[in-house]
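Protein chains: 2
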Amino acid sequence: MSQDKILLAHGSGGKLTHSLIRDLFLQRFKNPILESLGDSAVFGIDKGRMAFTTDSYVVDPIFFPGGDIGRLAICGTVNDLAVSGAKPLYLCASFIIEEGFSQAELRDIVRSMKEAADEADVQVVSGDTKVVSKGSCDRIFITTSGIGLLPDGVEISPLRIKPGDQVIISGTIGDHGIAILSKREGLTFQTEITSDVAPLNHLVSSMLSEAKDAVHVLRDPTRGGLGTTLNEFVNNSDVGIRIYEERIPIREEVRGGCELLGIDPLYVANEGKLVAVVAKDAAERILASMKKTIYGRDARIIGEVVHKPRGIVTLATQIGGTRIVDMLSGEQLPRIC
Amino acid sequence: MSQDKILLAHGSGGKLTHSLIRDLFLQRFKNPILESLGDSAVFGIDKGRMAFTTDSYVVDPIFFPGGDIGRLAICGTVNDLAVSGAKPLYLCASFIIEEGFSQAELRDIVRSMKEAADEADVQVVSGDTKVVSKGSCDRIFITTSGIGLLPDGVEISPLRIKPGDQVIISGTIGDHGIAILSKREGLTFQTEITSDVAPLNHLVSSMLSEAKDAVHVLRDPTRGGLGTTLNEFVNNSDVGIRIYEERIPIREEVRGGCELLGIDPLYVANEGKLVAVVAKDAAERILASMKKTIYGRDARIIGEVVHKPRGIVTLATQIGGTRIVDMLSGEQLPRIC
């Protein structure tokens with residue numbers, strides 16, 4: 008079965024590298040731009056504003072309920088482009104693989120990447136593979152980068168937030184983090200908790216089509232969770248955000264998992280959710296447009312932008328109190344993405 | 008001294024991540040696009056042909072004579088863009104760091120990245136940092152991706168190679184691979200062998216300014232070395248390449264190192280060299296333009312494109328024989344880049 012293992016020579020740049028590229032990556036990601044196999048992908052582009060981003064994915068375990076590192080690596084980067092307001096176009100993927108890693112698992116991961124790329128309607132146009140010796144990395148790390156174009160008139164920035172704006176979350180929070188953690192810790196629940204990992208670009212398109220100018224800021228609350236993302240919106244600004252605990256959608260089993268693990272769901276990573284701050288007068292329309300899409304069907308308005316306290320996120324609790332939601336300090340869940 | 012160590016929390020997405028970004032990455036890479044700190048970098052772009060590429064850097068050791076993983080990560084991606092004929096514009100950088108890694112070393116690496124980026128005249132506009140637990144990666148891996156624009160009329164492709172074309176190497180071969188290997192193995196030579204790691208975009212600019220249409224193909228012979236790169240040019244094509252051993256520039260100490268290690272310099276990685284195939288009638292002019300630049304001053308014509316044998320690279324040896332230069336098989340030097 009040694010033929011099923013990734014060898015150091017697969018990363019040498021020589022014959023085995025070429026066969027891995029030809030038989031796996033080209034085969035799977037099949038497109039004319041990738042097939043030219045130059046040192047860079049080359050394609051035509053229109054004048055305009057471009058978004059460019061990168062993320063490394065080191066999730067552990069690499070296969071988890073609802074997804075795997077491959078789907079995560081595509082969706083994560085697609086989502087970073089989408090929440091910038093851009094239409095994602097092209098991705099690159101770079102693999103760091105531990106010697107001895109299973110080629111069958113690599114094929115599964117690459118297939119999953121291709122499926123996610125198809126769903127998001129993006130192409131993987133360039134890549135790289137490095138193999139390191141046994142023990143020099145934990146199985147496989149994938150770094151994806153992506154580019155997209157911003158439609159005219161889209162202006163997504165925390166600077167546009169103003170009092171009265173409504174805060175929308177596209178669905179339940181904490182699913183990804185708790186799915187990973189329960190798999191890692193061997194916890195079982197009556198209903199399996201699955202990751203929400205999904206490409207959000209079509210959801211963003213719907214929102215922008217509905218009311219382009221009214222979408223002030225968007226972000227996907229991954230590491231650090233909803234709590235940290237909301238803080239990023241208002242820290243150093245002269246407005247605050249107030250959210251209402253009772254409105255925040257959260258699955259019963261995720262809530263249970265959080266209680267069991269002693270974790271606040273506000274800080275748990277999501278990989279298929281976005282939080283939007285939108286103009287008040289367009290909020291209901293935008294919400295309705297979200298609810299028509301597969302990844303926005305549980306969207307809810309969970310709060311609003313307030314004058315005071317400035318620079319701070321507050322939570323109105325179910326029992327009638329108010330507490331400050333700070334940025335996550337320390338590491339809650341390592342290698343969640 | 009524990010404050011000098013990278014902690015898992017530096018990768019959490021929370022407070023420590025934000026302070027690392029603010030105090031190190033923003034501080035160093037300072038530019039308005041990066042400073043907006045959105046999920047993607049956003050910038051204006053002209054209509055045209057774009058090049059997009061990515062590479063992961065896992066070099067061991069991370070500091071070596073002539074450079075470090077940071078300089079390598081910038082130059083490698085700049086060079087992939089440059090040899091596509093593109094003018095590199097923007098880079099993203101993604102870090103995977105082992106828990107406990109020295110913050111001082113990270114600062115050194117980032118400073119070195121900034122210096123290389125300045126030399127290449129590119130900006131680092133977005134990034135990501137993941138921290139994995141002790142033992143889950145070997146110190147630090149960096150993945151960079153980059154975009155650039157291709158000037159009109161530049162057409163770099165192995166498909167353009169034709170018999171009579173001249174093969175040019177921009178300088179001595181094998182310096183990077185032997186520098187890494189001697190450091191790793193603790194070999195010492197009378198003269199220290201230093202890596203050639205350097206950004207080649209200004210060199211490529213000079214060549215294209217001299218005779219844009221005459222530059223048929225360019226590539227930087229990194230992993231797999233000159234031998235593998237030349238094979239990539241002609242494999243599956245109906246021409247061959249013939250090179251002359253006596254014309255290939257190689258430092259005495261590198262030749263000595265190769266002999267000692269039992270390695271063929273034709274397969275040793277370079278990180279500051281390019282090989283070009285150019286139209287015969289423009290070859291001398293292009294060579295002269297290369298020799299005027301810092302990284303092209305030792306450039307030489309080392310061979311030509313021939314009718315036969317097709318699809319194969321042959322080497323005329325110094326003792327008058329001919330041998331086939333195949334693509335590298337197996338792994339010669341793991342983690343060379």
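Protein chains in written order, with the numbering used here: chain A, 8 to 344; chain B, 8 to 344.
We treat Cβ as the ideally placed atom computed from N, Cα and C, and that holds for glycine.
> Within this structure, are the beta carbons of residue 99 of chain A and residue 61 of chain B separated by less than 7 Å?
Replying inline: For the purposes of this step, residue 99 of chain A is taken as the residue at position 92 of the first sequence. For the purposes of this step, residue 61 of chain B is taken as the residue at position 54 of the second sequence. For residue 99 of chain A and residue 61 of chain B, yes; Cβs fall inside 7 Å.
>> If distances are taken between C-alpha atoms only, which option among A/300, A/292, A/10 and A/173 comes closest to residue 237 of chain A?
In response: If you number the first sequence from 1, residue 237 of chain A lands on position 230. The shortest Cα separation from residue 237 of chain A among A/300, A/292, A/10 and A/173 belongs to A/173.
> For the candidate residues A/194, A/56 and A/45, whose alpha-carbon lies nearest to that of residue 266 of chain A?
Replying inline: By one-based count along the first sequence, residue 266 of chain A stands at place 259. The alpha carbon of residue 266 of chain A has as its nearest neighbour, out of A/194, A/56 and A/45, the alpha carbon of A/194.
> Hey, residue 222 of chain A and residue 129 of chain A are a contact pair by Cβ (cut 8 Å); roughly how many whole angstroms apart?
Replying inline: On the first sequence, position 215 is the one that residue 222 of chain A refers to. On the first sequence, position 122 is the one that residue 129 of chain A refers to. Rounded, the Cβ-Cβ distance is 21 Å, inconsistent with contact.
> Span of the beta strand (DSSP E) holding residue 135 of chain A?
Replying inline: Position 128 of the first sequence holds residue 135 of chain A. It spans 130-139 - the beta strand (DSSP E) in which residue 135 of chain A sits, taken as one unbroken run.
> How many whole angstroms separate the CB atoms of residue 314 of chain B and residue 246 of chain B, which I take to be in contact at a CB cut-off of 8 Å?
Replying inline: Here the question's residue 314 of chain B lines up with position 307 in the second sequence. Here the question's residue 246 of chain B lines up with position 239 in the second sequence. Confirmed, Cβ separation roughly 6 Å.
> Would a check of beta-carbon distances place residue 10 of chain A closer than 7 Å to chain B?
Replying inline: Here residue 10 of chain A corresponds to residue number 3 of the first sequence, with the count starting at 1. Taking Cβ atoms only, chain B never reaches closer than 7 Å to residue 10 of chain A, which makes this a no.
> Along the stretch 152-184 of chain B, what residues have a CB closer than 7 Å to any CB found in chain A?
Replying inline: Only 152, 154 and 157 from the stretch 152-184 of chain B bring a Cβ to less than 7 Å from some Cβ of chain A.
> Can you tell me the Cα-Cα spacing of residue 77 of chain A and residue 203 of chain A, whole angstroms?
Replying inline: On the first sequence, position 70 is the one that residue 77 of chain A refers to. On the first sequence, position 196 is the one that residue 203 of chain A refers to. Approximately 14 Å between the Cα atoms of the pair.
> Alpha carbon to alpha carbon, what distance is there between residue 125 of chain B and residue 38 of chain B?
Replying inline: Mapped onto the second sequence, residue 38 of chain B falls at position 31. Mapped onto the second sequence, residue 125 of chain B falls at position 118. Between the C-alpha atoms of residue 38 of chain B and residue 125 of chain B there is a straight-line separation of about 12 Å.
> Which residues in the same chain have their Cβ closer than 6 Å to the Cβ of residue 97 of chain A, if we skip the five residues on either side of it in sequence?
Replying inline: To locate residue 97 of chain A, count along the first sequence from 1; it is residue 90. Residues of the same chain with a CB within less than 6 Å of the CB of residue 97 of chain A, apart from the 5 flanking positions on each side, are 130, 132 and 154 in chain order.
> When DSSP builds the beta bridges, which residues end up paired with residue 276 of chain B?
Replying inline: Within the second sequence, numbered from 1, the residue matching residue 276 of chain B stands at position 269. In DSSP, residue 276 of chain B forms no bridge with anything.
> Of all Cβ atoms in chain B, is any one closer than 7 Å to the Cβ of residue 272 of chain A?
Replying inline: One-based indexing of the first sequence puts residue 272 of chain A at position 265. For residue 272 of chain A, no Cβ of chain B is located within less than 7 Å of the residue's own Cβ.
> How would you label residue 68 of chain B, buried or exposed, when you count the other beta carbons within 10 angstroms and need 16 or more for buried?
Replying inline: Along the second sequence, read from residue 1 onward, the residue named residue 68 of chain B stands at position 61. Under this definition residue 68 of chain B is an exposed residue.
> Hey, quick one: how far does the alpha helix (DSSP H) through residue 125 of chain A stretch, first residue to last?
Replying inline: Here residue 125 of chain A is taken as the residue at index 118 of the first sequence, counted from 1. Segment 110-127, the alpha helix (DSSP H) holding residue 125 of chain A.
>> Just to confirm the assignment, what range does the alpha helix (DSSP H) spanning residue 80 of chain B have?
In response: To locate residue 80 of chain B, count along the second sequence from 1; it is residue 73. First-last of the alpha helix (DSSP H) with residue 80 of chain B: 76-89.
> What is the C-beta distance between residue 177 of chain A and residue 210 of chain A, in whole angstroms, given that I count them as a contact (C-beta under 8 Å)?
Replying inline: Position 170 of the first sequence, counted from the start, is the residue given in the question as residue 177 of chain A. Position 203 of the first sequence, counted from the start, is the residue given in the question as residue 210 of chain A. Contact check for residue 177 of chain A and residue 210 of chain A: beta-carbon distance about 6 Å, within the 8 Å limit, so the pair qualifies.
> What are the residues of the stretch 128-141 of chain A that lie near chain B, defined by any Cβ-Cβ distance shorter than 7 Å?
Replying inline: In summary, the residues of the stretch 128-141 of chain A whose CB is separated from some CB of chain B by less than 7 Å are 132, 133, 134, 135, 137, 139 and 140, in the order they occur in the chain.
> When burial is assigned at 16 or more other CB atoms within 10 Å of the CB, is residue 198 of chain B buried or exposed?
Replying inline: In the second sequence, the residue the question calls residue 198 of chain B occupies position 191. Burial call: exposed.
>> Among B/239, B/232 and B/156, whose alpha-carbon lies nearest the alpha-carbon of residue 212 of chain B?
In response: Walking along the second sequence from the start, residue 212 of chain B turns up at place 205. Minimum Cα distance to residue 212 of chain B is reached at B/156.
> Which residues does DSSP pair with residue 153 of chain A in a beta bridge?
Replying inline: Here residue 153 of chain A refers to the residue found at position 146 when the first sequence is read from its first residue. The partner list for residue 153 of chain A (beta bridge, DSSP) reads A/60 and A/98.
> Can a CB atom of chain A be found closer than 7 Å to the CB of residue 334 of chain B?
Replying inline: Indexing the second sequence from 1 puts residue 334 of chain B at position 327. So, interface residue.
>> Quick check for students: name the residue ranges of the beta strand (DSSP E) that lie wholly in the stretch 180-235 of chain A, counting only runs of 3 or more.
In response: Counting whole runs of 3 or more residues, the stretch 180-235 of chain A contains the beta strand (DSSP E) stretches 222-226.
>> According to DSSP, residue 301 of chain A sits in a beta bridge with which residue or residues?
In response: Residue numbering aside, residue 301 of chain A sits at position 294 when the first sequence is read from its first letter. By DSSP's assignment, residue 301 of chain A forms no beta bridge with any residue.
> Applying the criterion that 16 or more other CB atoms from any shown protein chain within 10 Å of the CB defines a buried residue, is residue 8 of chain A buried or exposed?
Replying inline: Position 1 of the first sequence, counted from the first residue, corresponds to residue 8 of chain A. The predicted model places residue 8 of chain A with a pLDDT of 43, which falls under 50 and marks its position as unreliable; any figure quoted below should be read in that light. By the 10 Å Cβ count, residue 8 of chain A comes out exposed.
> In chain A, what lies closer than 7 Å to residue 298 of chain B by C-beta?
Replying inline: For the purposes of this step, residue 298 of chain B is taken as residue 291 along the second sequence, with counting starting at 1. In chain order: nothing, as chain A lies at least about 23 Å away.
>> Comparing C-alpha positions only, which one of A/64, A/79 and A/120 sits nearest to residue 103 of chain A?
In response: Taking the first sequence and counting its residues from 1, the one referred to as residue 103 of chain A is at position 96. With respect to the C-alpha of residue 103 of chain A, the residue from A/64, A/79 and A/120 having the closest C-alpha is A/64.
> Should the stretch 85-95 of chain B be regarded as contacting the stretch 51-59 of chain B, the criterion being three or more beta carbon pairs within less than 8 Å?
Replying inline: Yes, they touch.
> Would residue 345 of chain B count as contacting chain A if we go by Cβ distances under 7 Å?
Replying inline: Any question about residue 345 of chain B goes unanswered here, given that chain B covers just 8 to 344.
>> Please list, in chain order, the residues of the stretch 14-25 of chain A that have any C-beta partner in chain B closer than 9 Å.
In response: Hits within the stretch, in order: 14, 15, 16, 17, 18, 19, 20, 21, 22, 23, 24 and 25.
>> I believe residue 136 of chain B touches residue 27 of chain B by the beta-carbon criterion, under 8 Å. Please report the beta-carbon distance rounded to the nearest angstrom.
In response: For the purposes of this step, residue 136 of chain B is identified with residue 129 of the second sequence, where counting begins at 1. For the purposes of this step, residue 27 of chain B is identified with residue 20 of the second sequence, where counting begins at 1. So it is a contact: roughly 6 Å between Cβ atoms.
> How many whole angstroms separate the CB atoms of residue 241 of chain B and residue 163 of chain B, which I take to be in contact at a CB cut-off of 8 Å?
Replying inline: Within the second sequence, the letter at position 234 stands for residue 241 of chain B. Within the second sequence, the letter at position 156 stands for residue 163 of chain B. Not a contact, Cβ separation roughly 16 Å.
>> Against chain B, does residue 72 of chain A count as a neighbour if the rule is that its beta carbon must be under 7 Å from one of theirs?
In response: For this step, residue 72 of chain A is matched to residue 65 along the first sequence. Chain B, which has no Cβ nearer than 7 Å to the Cβ of residue 72 of chain A, makes this no.
> Thinking C-alpha only, which one of A/340, A/220, A/29 and A/276 is nearest residue 181 of chain A?
Replying inline: Mapped onto the first sequence, residue 181 of chain A falls at position 174. Answer by Cα proximity: A/276.
> Alpha carbon to alpha carbon, what distance is there between residue 147 of chain B and residue 116 of chain B?
Replying inline: Counting from one through the second sequence, the residue named residue 116 of chain B turns up at place 109. Counting from one through the second sequence, the residue named residue 147 of chain B turns up at place 140. Their backbone Cα atoms lie some 10 Å apart in a straight line.
> Does residue 36 of chain B get closer than 7 Å to chain A when you measure Cβ to Cβ?
Replying inline: Indexing the second sequence from 1 puts residue 36 of chain B at position 29. No, residue 36 of chain B does not count as interfacial toward chain A.
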